[in-house]
Amino acid sequence: MKIKNLCILGSTGSIGTQTLDVVRTYPERYSVYALCANRSVDKLVAQALEFKPEVVCIADESLYDELSRQLSAIGFEGKIWVGADSIAEMVTMPSIDIVVASMVGYAGLRPTIEAIKAGKTIALANKETLVVAGEIICELAQQYHAPILPVDSEHSAIFQSLVGEDRSEIEKILLTASGGPFRTYSLDQMRTVTASDALKHPNWDMGAKITIDSASMMNKGFEVIEAKWLFGVPVEKIQVLVHPQSIVHSAVQFTDGAIKAQLGAPDMRLPIQYALSFPERLKSDFPRADLFTLGSLTFEEPDMKRFPNLGLAYEAMRRGGNIPCVLNAANEVVNLAFREGRCGFLQMSDIIAETMVKAAFIAKPTYEDYVATDAAARRIAEQYL
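Under this note's numbering, think of the first position of the sequence shown as 5, with each following residue one higher.
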């Protein structure tokens, strides 16, 4: 069995650390060749000490000296790289088999594109990549024969439900959502919630940015766009179901009326491991979903009046062009502002909607157009703050 060399982008985040849990379980199958973090120097050094990669990279250039000092202190003998250009180069290294793309936000787009051009298998956890530039990503993946395997629990569930099926027979994708911490809140209650309240997700342990997106349901809107590109279906065939128990991770309804779903405990290591091992299934000691204990599973329609971000995502996808890029850029701005106390919870949706109206529309954007659109949309959103 050939050991697969991994490059983990965002290695100190939630997906990155859980990917390393899978590597610990199967050292005979996976080796860590390259690690990359944004700012978490101490965690990155600890990972380098344990896994001894060939390359360690830090995105924030101001932290290079500190990273070098700490790695020298532990006798690290590999390469130490820094910055966006180095990340884009790192993913193309010949020895790398799988790139785990788990950087947060727009920053994950460029290295994912470079990894695809190098023909790497992409274990995709960075949904913003497909939100911003889904058409380009899918075209490049086909051109360079680079498999994209979803790591998000919902998209992994859809992917698993489609194994052995003809995708032309998809009638509907049923994308589940927990509803987040404010599922039962009124609009009046949501006007006063804080970032601390929003970070208390009922089921999942995730990073701060994605947890806020989950609370506002922007995360689910992004997943609708991601599903459109991953599985080649129009957004009209993607239905969001609020499922508070987070046991049914998503499902597919076929043209004969049959529905196939993937169920399991809310543990991200399961879809991560499946993406790394596909088409095999490996044994695990992950928690099991006990349906007897659960007793019942419930489903609700999403309320787009209380959670307008979901509707904005559908609108962005219908308008097409560079508007999903605008949506993502504005959301990144207001998400950070909310976490920093500079923006109210409901105000986030208002600013995103205004930015989508004001930003210039480009019907057939190039990569350079996406870069310019991202910068312009961020400026617009900041002005509304």
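Glycine is no exception: its CB is placed at the ideal position from the N, C-alpha and C atoms. It should be emphasised that the depicted structure is a prediction, and the values quoted were computed from it without experimental measurement.
- The C-alpha of Ser44 lies about 39 Å from the C-alpha of Thr302.
- Of the other Cβ atoms in all chains shown, 16 or more fall within 10 Å of the Cβ of Lys224; this residue is therefore buried.
- Residue state for Lys287 is assigned as coil, using DSSP reduced to three classes.
- Closest in C-alpha terms to Phe226, from the list Asn130, Leu178, Glu240, Ile263, comes Asn130.
- With distances taken between CA atoms, Ala385 lies nearest to Leu331 out of Ser172, Tyr30, Asp373, Leu331.
- Using a Cβ distance threshold of 8 Å, Phe282 and Leu166 do not count as a contacting pair.
- When C-alpha distances from Lys83 are compared across Met107, Ser106, Pro57, Ile100, the shortest belongs to Pro57.
- Between Val256 and Ile162, the gap from beta carbon to beta carbon is short of 8 Å.
- Its chain contains Ile78, Phe80 as the residues whose beta carbon lies nearer than 8 Å to that of Leu53, once the 5 sequence neighbours on both sides are disregarded; these appear in chain order.
- Partner residues in the beta bridge of Asn9, as assigned by DSSP, are Ser35.
- Three or more Cβ pairs drawn from the stretch 10-20 and the stretch 28-45 lie within less than 8 Å of each other, which places the two stretches in contact.
- For Val86, the enclosing beta strand (DSSP E) covers residues 83-86.
- Membership of Ile62 in the beta strand (DSSP E) is indicated by the continuous run 59-62.
- Within its own chain, the residues whose Cβ lies closer than 6 Å to the Cβ of Ala381, once the five positions on either side in sequence are excluded, are Val330, Ala333, Ala334, Thr359, Ala363, listed in chain order.
- Just so you know, the alpha carbons of Glu139 and Ala341 end up roughly 29 Å apart.
- Put simply, of Met97, Glu132, Gln351 the residue whose alpha carbon is nearest the alpha carbon of Ala119 is Met97.
- One thing to note: Ile102 has its Cβ within 8 Å of the Cβ of Lys8.
- Counted as a single uninterrupted DSSP element, the beta strand (DSSP E) harbouring Ala255 occupies residues 252-258.
- Within the same chain, Cβ atoms closer than 7 Å to the Cβ of Thr180 are found at Glu158, Leu245, His247, Val252, His253, Ser254, the five residues on either side in sequence being excluded.
- For Ile355, the enclosing alpha helix (DSSP H) covers residues 349-362.
- An exposed status is given to Asp192, since fewer than 16 other beta-carbon atoms sit within 10 Å of its beta-carbon.
- Taking one beta carbon from each stretch, the stretch 310-320 and the stretch 345-359 have 3 or more pairs nearer than 8 Å; the two touch.
- Counting other Cβ atoms within 10 Å of its Cβ, Leu48 reaches 16 or more and is therefore classed as buried.
- Each residue's CA atom was taken as its position, placing Leu280 and Gln387 some 42 Å apart.
- For Val49, the enclosing alpha helix (DSSP H) starts and ends at 45-55.
- Counting C-beta atoms within 10 angstroms of its own C-beta, Asp46 has fewer than 16 neighbours from the protein chains shown and is therefore classed as exposed.
- In the displayed model, Gln249 falls within coil according to three-state DSSP, outside both helix and strand.
- Straight-line measurement puts the Cα of Ile263 at about 18 Å from the Cα of Ser300.
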